[in-house]
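Asker: In terms of our numbering, the sequence shown opens at residue 135 and continues consecutively. A virtual CB, placed ideally from N, CA and C, is assigned to each residue, including glycine. In this text the structure is predicted, and so the values were computed from the model without any measurement. Okay, here's the structure, questions in a sec.
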Amino acid sequence: MNENALPTLYLDERDQSLVVLDQTRLPGETAWLRLKNAPEVADAIRRLCVRGAPAIGAAAALGLYASAYRRVGEPDFYEGLEKDAALIAGARPTAVNLRWAVDRLMEKVRMIDEPERCIDVLKAEALAILREDEERNGRIGRHGESLIHDGDGILTHCNAGRLATAAHGTALAPIYEAARRGKKLRIYADETRPLLQGARLTCFELLAEGLDVTLQCDNMAASAMQKGLVQAVFVGADRIARNGDTANKTGTLSLAINARYFGVPFYVCAPTSTIDTHCETGADIPVEERDGAEITDLWFERPMAPRGVKTRNPAFDVTPWTLITAIVTEDGVLYPPFRF
Ligand code: MRU
């Protein structure tokens with residue numbers, strides 16, 4: 135593991151603010167955002183400055199603490215805290231880690247009637263979430279590594295690496311672990327339209343690790359499988375329902391269908407904080423719909439679609455459990471049928 139890797143997010147103890155690496159500026163620029171209150175935290179999550187399910191959970195927790203810290207002394211401290219929690223938890227709908235982290239902090243403090251003690255507890259719990267995510271992903275890496283063979287070609291989608299978590303990544307954790315153990319791998323990174331997390335972030339972090347990564351457009355994945363370049367697909371998850379149906383970045387579903395057709399194993403890697411036992415199946419998972427301008431305008435000097443065209447921009451899709459070869463969590467490699 136590269137010791138000099140940029141942290142995704144951390145708490146700055148000097149002023150008790152949440153610092154996040156602004157991922158909208160990568161790979162060209164290394165810029166940090168210092169977030170001090172709930173509106174700033176929610177905005178950074180919504181704009182994907184910090185993104186990836188585990189990372190937004192940790193950002194939500196540290197951000198809620200930073201916001202509460204500034205409210206000490208206000209007469210309506212608890213009212214303000216509840217408002218902050220709702221604002222942050224509502225910033226994005228699909229990754230369950232966001233609400234999970236906020237609920238975990240709020241459950242700890244609802245019975246505490248002293249603001250100073252309340253912020254101490256919020257801080258301890260937020261830092262615990264950060265530490266646990268690092269630890270869980272390390273275990274995902276060790277379990278998932280057993281599914282990778284020397285010489286494999288591995289296809290991944292979006293960014294489920296270090297930049298999407300407190301450390302190690304989820305889908306990339308087994309890849310890092312396999313490489314650390316000397317296995318030679320070829321990684322194929324889907325660019326991941328429309329926000330290009332694969333091109334901008336996955337390639338950035340894998341190249342920084344000295345790994346052999348090849349960037350391809352999303353619609354080239356099927357032919358890579360057809361040519362025998364891909365021995366396994368590893369993806370992350372934003373929410374896993376009780377039956378194993380998995381929401382992940384839009385485009386994951388077609389990868390899973392292609393993988394099944396070509397007989398390539400399809401692995402989902404996620405910490406148990408991404409499992410939502412309130413969702414029976416994928417039909418219960420809310421899918422974020424984002425601005426159509428991300429498709430028509432975002433990366434282009436001139437709009438690449440006629441003005442006024444209707445757009446569909448669901449940020450995630452849901453892969454049915456029947457297409458998933460195994461789900462790797464910190465507890466091990468689980469095979470279908472799943473029951474969480
Ligand atoms: O919209 P994003 O960039 O937050 O989407 C991220 C993904 O879909 C990741 O694959 C998922 O969160 C797993 S991250 C370890």
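If I measure Cβ to Cβ from Pro-454 and keep anything under 6 Å in the same chain, skipping five residues before and after, which residues do I get?
Answerer: Looking up residue 454 in the sequence shown gives position 320. Cβ neighbours of Pro-454 beyond the five flanking positions: Asp-379.
Asker: Have a look at the DSSP bridge pairing and note the partners of Ala-323.
Answerer: Indexing the sequence shown from 1 puts residue 323 at position 189. Answer is Thr-290, Leu-349.
Asker: Are the beta-carbon atoms of His-291 and Gly-397 separated by less than 9 Å?
Answerer: Counting from one through the sequence shown, the residue named residue 291 turns up at place 157. Counting from one through the sequence shown, the residue named residue 397 turns up at place 263. No, Cβ-Cβ distance for His-291 and Gly-397 is not below 9 Å.
Asker: With DSSP run on the structure shown, which of helix, strand or coil describes Trp-433?
Answerer: As a working note, residue 433 is residue 299 in the sequence shown. Trp-433: coil per DSSP, three-state reduction.
Asker: By alpha-carbon positions, which one of Asp-237, Leu-264, Ala-172, Lys-257 ends up nearest to Leu-221?
Answerer: By one-based count along the sequence shown, residue 221 stands at place 87. Residue Ala-172 holds the alpha-carbon nearest to the alpha-carbon of Leu-221 among Asp-237, Leu-264, Ala-172, Lys-257.
Asker: Using the C-alpha atoms, what's the distance from Asp-425 back to Pro-440?
Answerer: Numbered from its first residue, the sequence shown carries residue 440 at position 306. Numbered from its first residue, the sequence shown carries residue 425 at position 291. Roughly 16 Å between the two C-alpha positions.
Asker: Could you tell me the distance, in whole angstroms, from the CA atom of Phe-400 to the CA atom of Gly-275?
Answerer: Mapped onto the sequence shown, residue 400 falls at position 266. Mapped onto the sequence shown, residue 275 falls at position 141. The straight-line gap from Cα to Cα measures roughly 16 Å.
Asker: Using C-beta distances below 8 Å, list every residue in its chain close to Thr-411, excluding the 5 sequence neighbours before and after it, in chain order.
Answerer: As a first step, residue 411 must be located in the sequence shown, where it is residue number 277. So the list reads Arg-376, Phe-474, once near-sequence residues are dropped.
Asker: Just curious, the beta strand (DSSP E) that Val-367 is in, first and last residue?
Answerer: As a working note, residue 367 is residue 233 in the sequence shown. That run of the beta strand (DSSP E) goes 366-369.
Asker: Return the first residue and the last residue of the alpha helix (DSSP H) that Ser-472 is part of.
Answerer: Translated into the one-based positions of the sequence shown, residue 472 becomes position 338. For clarity, residue 472 is Phe in the given sequence; the question names Ser instead. Looking at the DSSP string, Phe-472 is not in any alpha helix (DSSP H), and its letter there is neither H nor E.
Asker: Less than 8 Å between the CB atoms is what I'm expecting for Ala-355 and Ile-374, so what's the real figure, rounded?
Answerer: Taking the sequence shown and counting its residues from 1, one reaches residue 355 at position 221. Taking the sequence shown and counting its residues from 1, one reaches residue 374 at position 240. About 22 Å separates the two Cβ atoms, so there is no contact after all.
Asker: How big is the Cα-Cα spacing for Gly-207 and Gly-214?
Answerer: Here residue 207 is taken as the residue at index 73 of the sequence shown, counted from 1. Here residue 214 is taken as the residue at index 80 of the sequence shown, counted from 1. Answer to the nearest angstrom: the Cα atoms are 11 Å apart.
Asker: Measuring only the C-alpha atoms, how far is Arg-251 from Lys-242?
Answerer: Taking the sequence shown and counting its residues from 1, the one referred to as residue 251 is at position 117. Taking the sequence shown and counting its residues from 1, the one referred to as residue 242 is at position 108. Cα-Cα distance, rounded: 11 Å.
Asker: With 16 other CB atoms within 10 Å as the buried threshold, where does Pro-188 fall?
Answerer: Taking the sequence shown and counting its residues from 1, the one referred to as residue 188 is at position 54. Answer is buried; the Cβ neighbour count reaches 16.
Asker: Taking the alpha helix (DSSP H) that Arg-394 falls in, what are its first and last residues?
Answerer: Against the sequence shown, residue 394 aligns to sequence position 260. Here the alpha helix (DSSP H) through Arg-394 covers 386-396.
Asker: Tell me which residue opens and which closes the beta strand (DSSP E) that Asn-271 is part of.
Answerer: By one-based count along the sequence shown, residue 271 stands at place 137. Here Asn-271 belongs to no beta strand (DSSP E); instead the alpha helix (DSSP H) covers 249-279.
Asker: Please indicate yes or no: does the CB of Pro-188 lie closer than 8 Å to some heavy atom of the ligand MRU?
Answerer: Taking the first residue of the sequence shown as position 1, residue 188 is located at position 54. Yes.
Asker: Could you tell me which of Ala-323, Asn-138, Glu-343 sits nearest to Ala-312, measuring between CA atoms?
Answerer: In the sequence shown, the residue the question calls residue 312 occupies position 178. Measuring from the Cα of Ala-312, the nearest candidate turns out to be Glu-343.
Asker: With DSSP as the reference, please indicate the residues paired to Cys-403 in a beta bridge.
Answerer: Numbered from 1 along the sequence shown, position 269 holds the residue referred to as residue 403. Bridge partners of Cys-403: Val-462.
Asker: Are there any heavy atoms of the ligand MRU lying less than 8 Å away from the beta-carbon of Gly-370, as far as the coordinates show?
Answerer: Taking the first residue of the sequence shown as position 1, residue 370 is located at position 236. Result yes, Cβ under 8 Å from the ligand MRU.
Asker: Output the distance between the C-alpha atoms of Ala-262 and Lys-361, rounded to the nearest integer angstrom.
Answerer: Counting from one through the sequence shown, the residue named residue 262 turns up at place 128. Counting from one through the sequence shown, the residue named residue 361 turns up at place 227. For Ala-262 and Lys-361, the distance between alpha carbons rounds to 45 Å.
Asker: Let's see if you can read the secondary structure: which residues bound the alpha helix (DSSP H) around Lys-242?
Answerer: Counted from its first residue, the sequence shown places residue 242 at position 108. Unbroken alpha helix (DSSP H) run through Lys-242: 230-243.
Asker: For Asp-474, verify whether its CB is less than 8 Å away from any heavy atom of the ligand MRU.
Answerer: Taking the first residue of the sequence shown as position 1, residue 474 is located at position 340. Position check: residue 474 holds Phe in this sequence, whereas Asp was assumed. Phe-474 Cβ: outside cutoff for every heavy atom of the ligand MRU.
Asker: Measure the alpha-carbon distance for Ala-229 versus Val-421 and round it to whole angstroms.
Answerer: Your numbering for residue 229 matches position 95 in the sequence shown. Your numbering for residue 421 matches position 287 in the sequence shown. The alpha-carbon atoms of Ala-229 and Val-421 are separated by roughly 9 Å.
Asker: Excluding five sequence neighbours on each side, which residues of the same chain lie with their C-beta closer than 7 Å to the C-beta of Ala-532?
Answerer: This structure cannot settle anything about residue 532, because the visible part of the chain is limited to 135 through 474.
Asker: Taking Cβ to Cβ, would you say Ala-358 is nearer than 9 Å to Ile-282?
Answerer: Taking the first residue of the sequence shown as position 1, residue 358 is located at position 224. Taking the first residue of the sequence shown as position 1, residue 282 is located at position 148. Result no, Cβ atoms of Ala-358 and Ile-282 do not sit closer than 9 Å.
Asker: Out of curiosity, what's the CA-to-CA distance linking Leu-340 and Asp-346?
Answerer: Position 206 of the sequence shown holds residue 340. Position 212 of the sequence shown holds residue 346. Whole-angstrom Cα-Cα distance: 8 Å.
Asker: Looking at the secondary structure, which residues open and close the alpha helix (DSSP H) in which Leu-215 lies?
Answerer: Your numbering for residue 215 matches position 81 in the sequence shown. That run of the alpha helix (DSSP H) goes 211-223.
Asker: Helix, strand or coil for Glu-163? Go by DSSP, reduced to three states.
Answerer: Numbered from its first residue, the sequence shown carries residue 163 at position 29. In the three-state reduction of the DSSP assignment, Glu-163 falls in the coil class, being assigned neither a helical nor a strand state.
Asker: Say yes only if the C-beta of Arg-159 is nearer than 8 Å to one or more non-hydrogen atoms of the ligand MRU, and no if none qualify.
Answerer: Counted from its first residue, the sequence shown places residue 159 at position 25. Because no heavy atom of the ligand MRU lies under 8 Å away, the Cβ of Arg-159 does not count as near it: no.
Asker: Below 8 Å on the Cβ atoms is my contact criterion, and I expect Ala-195 with Ala-260 to pass it. Report the Cβ-Cβ distance as a whole number of Å.
Answerer: As a working mapping, residue 195 is identified with position 61 in the sequence shown. As a working mapping, residue 260 is identified with position 126 in the sequence shown. Their Cβ separation, rounded to whole angstroms, is 4 Å, which keeps Ala-195 and Ala-260 in contact under 8 Å.
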